[in-house]
Structure formats: C-alpha cells, structure tokens
Amino acid sequence: MALLEVIGLTKKFVGVVANDRISFEIEKGEIVGLIGPNGAGKTTLFNCIVGYHKPDQGTVKFNGKPITGFKPFQTNRAGIGRTFQIMSISGSLSVSENVMVGSFCRVSDSRTARQEAAEILNLMELEQEAQARMNELPIAAQKRVGLAMALATKPKILMLDEVAAGLNPRETEEMVALLQKIHAAKDLTLFVTEHVMEVVMPISQRIIVLDGGQKIAEGKPRDIANDERVIRAYLGEKYVEGRKH
Amino acid sequence: MPMHALKDALSFGDLPASERIGFAIFIAFCLVFPWISKGSFAQAVMIQFLIFCLYGLGWNLIGGYGGQVALGQAKNVGMSAYTVALFMVWWDVPFWFSTPIGVIIATVESFILGYFLLRLKGHYFAIATICVSLVWQQLFVNWDLIGGARGVELPLKETPNFVYMQFTSPIYYHYFAFVLVMGAILFMNWFRKSRLGYQLRAISANEEVAESLGINIHWVKVKAYCITGVFAGMGGAFYAVYYNYIDPFSVMHLELSIMIALMTMIGGAGSMWGPIIGAMILIPMDRYLGAWLGGSGIVGVDFMIYAFMVMVIAAYEPRGIWGIIEKARRRR
Ligand SMILES: Nc1ncnc2c1ncn2[C@@H]1O[C@H](COP(=O)(O)OP(=O)(O)O)[C@@H](O)[C@H]1O
Ligand SMILES: [Mg+2]
Numbered sequence: 434m435a436l437l438e439v440i441g442l443t444k445k446f447v448g449v450v451a452n453d454r455i456s457f458e459i460e461k462g463e464i465v466g467l468i469g470p471n472g473a474g475k476t477t478l479f480n481c482i483v484g485y486h487k488p489d490q491g492t493v494k495f496n497g498k499p500i501t502g503f504k505p506f507q508t509n510r511a512g513i514g515r516t517f518q519i520m521s522i523s524g525s526l527s528v529s530e531n532v533m534v535g536s537f538c539r540v541s542d543s544r545t546a547r548q549e550a551a552e553i554l555n556l557m558e559l560e561q562e563a564q565a566r567m568n569e570l571p572i573a574a575q576k577r578v579g580l581a582m583a584l585a586t587k588p589k590i591l592m593l594d595e596v597a598a599g600l601n602p603r604e605t606e607e608m609v610a611l612l613q614k615i616h617a618a619k620d621l622t623l624f625v626t627e628h629v630m631e632v633v634m635p636i637s638q639r640i641i642v643l644d645g646g647q648k649i650a651e652g653k654p655r656d657i658a659n660d661e662r663v664i665r666a667y668l669g670e671k672y673v674e675g676r677k678h
Numbered sequence: 074m075p076m077h078a079l080k081d082a083l084s085f086g087d088l089p090a091s092e093r094i095g096f097a098i099f100i101a102f103c104l105v106f107p108w109i110s111k112g113s114f115a116q117a118v119m120i121q122f123l124i125f126c127l128y129g130l131g132w133n134l135i136g137g138y139g140g141q142v143a144l145g146q147a148k149n150v151g152m153s154a155y156t157v158a159l160f161m162v163w164w165d166v167p168f169w170f171s172t173p174i175g176v177i178i179a180t181v182e183s184f185i186l187g188y189f190l191l192r193l194k195g196h197y198f199a200i201a202t203i204c205v206s207l208v209w210q211q212l213f214v215n216w217d218l219i220g221g222a223r224g225v226e227l228p229l230k231e232t233p234n235f236v237y238m239q240f241t242s243p244i245y246y247h248y249f250a251f252v253l254v255m256g257a258i259l260f261m262n263w264f265r266k267s268r269l270g271y272q273l274r275a276i277s278a279n280e281e282v283a284e285s286l287g288i289n290i291h292w293v294k295v296k297a298y299c300i301t302g303v304f305a306g307m308g309g310a311f312y313a314v315y316y317n318y319i320d321p322f323s324v325m326h327l328e329l330s331i332m333i334a335l336m337t338m339i340g341g342a343g344s345m346w347g348p349i350i351g352a353m354i355l356i357p358m359d360r361y362l363g364a365w366l367g368g369s370g371i372v373g374v375d376f377m378i379y380a381f382m383v384m385v386i387a388a389y390e391p392r393g394i395w396g397i398i399e400k401a402r403r404r405r
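Protein chains in written order, with my numbering: chain E, 434 to 678; chain Z, 74 to 405.
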C-alpha cells in the first residue's frame, strides 16, 4: 500500500484549472521530486493534499485512509509535514521556540519539547541561530528553520515547496545534502517541489512533472531529462524542433 | 505534569536578573503601600491599579500573545459583577459563593462568543466584539429588573464581614486585590512556558504556518479567550464588593474595554510585564488627571492623551514600552 495516494485530483480557480485530474502514488521511504515551470500548479497540489485548499474533485489517501477535506492541522497530525515556498514569521518567538512549537504537536510537556527542539536544531546545524529571531536570518537559514519546524512535528512524509528558491548554488548544494541526511536519519519519505529541474534530479528516485495543471510525465530522473514533453514544457517548441535537426 | 506546571508557575529563573529585581520591587511596594501611603485617594488609586493589572493580564492572553484585538472585556467584568451584586440583593448570597458563579457565567459567555467570532479574521473580529459589547451595554442600561441605568447597590452588613467581603478599611481590599494579581502573574508565568502559550504566539506570528504544525488555531484561540473571560470575571466580582455599587457605565461599558486594550498595548502587548507597566502609567494618570480637570469642565483630555501615546507607540515600537525596553537590551 502506498503511503500517499492522489487520485484524479482537480482544483479550479477563477479562469484557471490549477490541477487537472492528477493521480500518483508515493511509497514509504521514497524521495519523489515534483517539477514544472512557474505556474504549473505545484504549490496548489501541495495545498490540496495538506488541506489549505479543498479539491473540486478527487481523493487524497494517506496510509490507505481518505484525508480529502481534512484541515491542515489534521493532515499534519496524521503525519504530513510541509514547508512553505515563502515563510514570513514575525513576532517574538526565537528559532528554538519556533521548533518547540512543532514539537508541541505531539508532546504537551515543555521540557520534552525543548529537548526535542535542541536535538533537531543540532541535526539541522542550527545551534548558532537558536536564539535569533526568524526575521534576523538570511534566507538559507530561514529555510532550514522551516524544515526543522516541520520535522519537529514528527511527520511520516515531508513535503517541501521550492526547496532551493532564493538559494545560491553553494547553499543549494548544502540543502540537498541536508535533505539526504534527514531522509536517512529520520526514516522519512520526501516529496519535493522545485521549478529548477537540476536541483531535484540528483536526489529523487522518481520525478513527477506538471505543466499547465496537468501531469505530463512521471519516471526515473534520467528518463525525465530526455522526455520530449518535459523539454518542451521547460524550453518551448523551438528548442525541441532544433534538437531534431 | 501538575507538579511541573506548579514549578513553571513559581519559577522566574529564566528571566534576566533586572526583571526579577523589578518584580521583587513591585511585590515589596504593593506589600508596604497601605502603610506608607497617606491619603485615601492614593489608596483608592492603588486598588484601581491592581484591578486593572488583573484585567490587563487577562486581556494580554487573547489580545497580546494571541494577537486578536478583542474589545469586549467589560461585558465579562460586568456579568460577574452583576452576578455577585444581584445574588446578594436578591438572595443574600455571600461573595465566596456568588463569585464562582459569576466567573463561570463570564467564561461561558466568552466560550460561546469566542466559538463563533474567532472564526473572523483581523479587524472583523475586533469590530464584531465591539458590536456585541454595545448590545450587552444597551441591554444592561435598559433592563429594569437588574437596576437599569440606575445600577445596583449592595446592601451593607452591620459589621465587617469576611464571607460578604465587606470591610471598613481599604487595606483588606488592597491585599485581596494584590493576591488576585499575584495569582494572575503566576498563571501567566506558567502560561508563557506552556504549550498553549507557545501555540498562541505561533498563531499570532503566522496562522498558516501554525496550522501546518498541527495547531487547531480556532480551538487554541477559543481556549485563550475563555481564560481572558475568567480574569475579567474575577476582576468584576472584586469590583462589586469593593465599590458596593455597580452600574452599566462602570462595569459594562465599551470605554472600559477600550481602556484595558489601550493600556496593555501601551505597556507592551504579548509580554509578561507589559500590562502591569501600562496600568502603572495609565491608571494614576487617569485618576489624577480626572481629579485635577474634573471641576474645570474640560472633557476628553484623557482620551486625547491615550490616543497620542498609542500613535507614538504604533509608529515607533508596536510592542509598546516593553518592546522599547527589550530593544535597548538586545542592542547592548
Ligand atoms: N489562491 C489562488 N487563487 C487564484 N489562482 C491561483 C491561486 N493559487 C494559484 N493560482 C493559479 O494557479 C496556477 C498554479 O499556481 P501554483 O500552484 O502556485 O504554481 P507553481 O507552484 O507550480 O508555480 C497559476 O496560474 C496561479 O496563478
Ligand atoms: Mg509554487
């Protein structure tokens, strides 16, 4: 049984079909990449799975149980963690306190939560930043904190939206290494979006490609990189034509 | 778990030394005040200050930590105050029996109202609480059975009486109010380290993110709003026996709700000491200004001054005087 099953999911906004009858499965322990140009519908698909949007049609199943229409806090408690493309956290909470908030999803005692937060900050190499406020940190550190917060809720699957957006090449590499580290350390399933294909290619065991709200391809990274429809989606008709000659 | 909670409530060890010293001075000042203060006016202002500390500490939960600008504390103060007053007038029920009932009524009203209104966002929530407050206010002004605009006078016992909380000297009220405020501070000291406290702060920082961390934001807000109601109810019950007279203008009025919110914002919403600092500045200012200008026919000067203070703070440091103090501390 697949850990996450999406069956015929459709989400329409005024004038756009952001997700058009999308189906796929994710097995426990996999790292799956979700790619597609800007506006392809990746964030919308995430939001439909975790419950920020109510899909117009389709079913989402987690661990075999339907979770369609669950609220975000319910999908999180069920075991789905997620990070945000852009996350602005104002307010007085420090980095370590924000991670504690994640821990409080499963524990009610603040001593345990504090201890868990310290362990996760250690894993994420964020000890230096523990006492800082979110808005004092550079983007790269903020993204790691977002990851740490989601991780603290002890998810079975972690969904990361635009893992590398706003990061320079070196930071992107570090992020990718970090993802592999937590995948191994926490026995996690990862579902990762990125509009820049090269970022998720090397770590994903399987890639799903969206374009214009539709799933246009799915397969091994190497096959995806040579798929004509994918190349067309990314680079346009002309490039495909040019390659033929 | 309860032992840990008690320990959290009683331990101020994580605070900087300067804060602990400030708190000790506050306690010492409150303890000796009745013995060093001269006039009865000063003592009355002091008791007012303590009542407003209680209101502000309670409002700080939903309004400060939770970031939900609720402007309806007065109706919960009023419900409890009227319960205590009317139970005594009608059935001669002592303070210690009517107070729990008054607090429960105030809390249940908070629960019902919060359950429905806390689904509204931002300004809509604030406006909705104002509307509900105005309805309650009108109801109490026009409801003759409970005294209408004339209010309710509590019958006096012949001798000072502990079960009815009737004393001739204000000292007893002073210490009782002080005990209530200390209880509120210890509660807040537990709260700020608790799961509820962290979740509430996460909600006010970013609701979307909070939801993604498994927080049922609606339910957490409702819980906080109920606790705010408990504090208001305690304050109202005390108010009734302290003044022996209540009317809709003193305990049910929107002006009181606004005063509580402004005071906490000026002192520092969402911080432990903010409400106390706010009350320390605003209450004496309000009472002495009132006494000074009272005869001259100038009205509204007090609210003009508050409005000015709020403007300065909103422009300079949204987290109030406590925000300024913290900023200075972080810079060092
Ligand atoms: N809340 C919304 N309301 C209306 N349209 C939206 C909303 N969110 C996304 N869209 C539209 O849906 C499409 C897919 O957007 P999105 O899921 O953000 O794409 P991606 O994350 O792949 O860049 C876009 O055309 C976008 O304009
Ligand atoms: Mg996106």
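Even glycine gets a Cβ: it sits at the ideal position worked out from N, Cα and C. These numbers were taken from a predicted model, which means no experiment stands behind them.
Counterpart residues of E:K445 in DSSP-defined beta bridges
E:V450
At 7 Å on the CB atoms, spell out the chain Z contacts of E:F397, in chain order.
In the structure as shown, chain E starts at 434 and stops at 678, and residue 397 of chain E therefore has no counterpart that could be examined.
Backbone CA spacing between E:F517 and E:P571 [nearest angstrom]
16 Å
Express the C-alpha separation of E:P602 and Z:G187 in angstroms, rounding to a whole number.
48 Å
Using 10 angstroms around the beta-carbon of Z:Y389, count the other beta-carbons present and answer buried if the total reaches 16, otherwise exposed.
exposed
With distance defined between alpha-carbon atoms, name the residue in Z:M119, Z:E226, Z:Y246 nearest to Z:Y361.
Z:M119
Let me see if you follow: with CB-CB separation under 7 Å, is E:I522 close to chain Z or not?
yes
Taking Z:L107 as the reference, which of Z:F251, Z:V236, Z:I174, Z:S153 has the closest Cα?
With the sequence shown as reference, residue 107 of chain Z is identified as Pro, and Leu is not the correct amino acid for it. Among Z:F251, Z:V236, Z:I174, Z:S153, the Cα nearest to that of Z:P107 is on Z:F251.
Compare the Cα-Cα distances from Z:I354 to each of Z:Y138, Z:M255, Z:S91, Z:C126 and report the closest residue.
Z:C126
Beta strand (DSSP E) runs wholly inside the segment 502 to 580 of chain E, at least 3 long, in chain order
513 to 515
Secondary structure, alpha helix (DSSP H): runs of 4+ residues fully inside the segment 180 to 246 of chain Z:
195 to 215
Exposure label - Z:F381; buried when at least 16 CB within 10 Å
exposed
Reference Z:K230, options Z:D165, Z:N279, Z:G136, closest by Cα
Z:D165
Across which residues does DSSP place E:G466 in a beta bridge pair?
E:V625, E:I640
Considering only heavy atoms of ligand 3, list every residue whose Cβ is less than 5 Å from one of them, following chain order.
This structure simply doesn't include ligand 3; it includes ligand 1 and ligand 2 instead.
Scan the segment 434 to 446 of chain E for residues whose Cβ lies nearer than 7 Å to a Cβ of chain Z and list them as they occur along the chain.
none
Supposed contact pair E:A597 and E:T605 - C-beta distance, whole angstroms, cut 8 Å
4 Å
Give me, in chain order, the residues of the same chain whose beta-carbon lies closer than 6 Å to that of E:L623; leave out the 5 immediate sequence neighbours on both sides.
I464, L591, H616
Label Z:C204 either buried or exposed according to how many other C-beta atoms from any shown protein chain fall within 10 Å of its C-beta, with 16 as the threshold for buried.
exposed
E:N659: contacting residues in chain Z (beta-carbon distance under 9 Å):
Neighbours of E:N659 on chain Z: none; closest Cβ ~36 Å, over 9 Å.
Go through its chain and collect everything with a Cβ distance to E:R662's Cβ below 7 Å, but skip five positions before and after it.
I649, A650
Select from the segment 473 to 485 of chain E all residues with a C-beta closer than 8 Å to any C-beta belonging to chain Z, and list them in chain order.
V483, Y485
Assumed close pair Z:T337, Z:G136 - CB separation to whole angstroms, cut-off 8 Å:
6 Å
What are the residues of the segment 574 to 601 of chain E that lie near chain Z, defined by any Cβ-Cβ distance shorter than 9 Å?
G579, M582, A583, A585, T586
Answer yes or no: the CB of E:Q518 versus the heavy atoms of ligand 2, is any distance below 6 Å?
yes
Check whether E:K461 and E:L467 have beta carbons under 7 Å apart:
no
How many Å lie between Z:D359 and Z:Q121 at the Cα?
11 Å
Whole-Å CB distance - Z:L269 paired with Z:K296, under 8 Å assumed:
6 Å
Buried/exposed call for Z:P17, threshold 16 Cβ in 10 Å:
Chain Z is shown only over 74 to 405; residue 17 of chain Z falls outside these bounds and no answer can be derived.
The segment 542 to 553 of chain E: positions lying closer than 8 Å to chain Z by Cβ:
D542, S543, R544, A546
Is the beta carbon of E:P499 closer than 7 Å to that of E:T508?
no
Taking the alpha-carbon positions, what's the E:M634 to Z:G287 distance?
30 Å
Under the rule that 16 or more other beta-carbon atoms within 10 Å means buried, what is E:I459, buried or exposed?
buried
Neighbour list for Z:I288 in chain E, Cβ cutoff strictly below 7 Å:
F506
Could you check how far apart the C-beta atoms of Z:V157 and Z:A313 are, in whole angstroms? I think they sit under 8 Å.
4 Å
Rounded to whole angstroms, what is the Cα-Cα separation between Z:G396 and Z:K266?
19 Å
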